[in-house]
Amino acid sequence: MATAYVMVETAGPWRGPGCARFVSDAVTLCRAGHPVQLVLLQDGVTAALPGAVPGLGDGVEVWVDEFSLSQRGLPVEKLAPATRVVTMTEIALRILDPATRVVWH
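Take the sequence shown: its position 77, counting from 1, is numbered 76 in numbering that gives the first Met the number 0, and each next residue is one higher.
As structure tokens, this is what we get:
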């Protein structure tokens with residue numbers, strides 16, 4: 000059975016190339032057969048805007064923290080279609096799953 004990953008991005012694409020590289024790593028793991036959820040928190044939610052990060056959603060499940068969105072005044076309807084807005088409770092439950100590996104950026 001393939002290892003499940005939760006990859007948490009907290010920096011947006013405007014802070015440098017790290018965000019796009021992290022998304023690329025998530026896509027690579029997904030293509031290798033691993034279930035991957037990319038969680039966008041804090042400034043990382045800006046990566047969910049259409050065209051902000053190439054490859055966003057290429058097989059990777061993209062979760063966007065609703066609190067981080069509201070703190071930045073970003074409306075849900077402005078997000079890329081491959082995203083899903085979630086609560087911190089959903090994120091915490093996924094992160095605390097012992098069968099999941101968590102990578103934080």
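Ideal Cβ positions, reconstructed from N, Cα and C, are used throughout, including at glycine.
All values reported here derive from a predicted model rather than from experimental measurement.
{"Check": "Where L95 falls, given that 16 or more other Cβ within 10 Å makes a residue buried", "Outcome": "exposed"}
{"Check": "Close beta carbons around L40, own chain, < 8 Å, minus the five adjacent residues each side", "Outcome": "V7, E8, T9, D64, S67, I90"}
{"Check": "Among G72, E60, A79, G58, the one whose alpha carbon lies nearest that of V52", "Outcome": "A79"}
{"Check": "With 16 other Cβ atoms within 10 Å as the buried cut-off, status of Q36", "Outcome": "buried"}
{"Check": "G11 to Y4 span [Cα, whole Å]", "Outcome": "20 Å"}
{"Check": "Cβ-based burial, L28 [other Cβ within 10 Å; buried from 16]", "Outcome": "buried"}
{"Check": "Spatial distance of V22 from V61 (CA atoms)", "Outcome": "10 Å"}
{"Check": "Those residues which DSSP pairs with Q36 across a bridge", "Outcome": "V5, E60"}
{"Check": "Three-state class that DSSP yields for R100 in the structure shown", "Outcome": "strand"}
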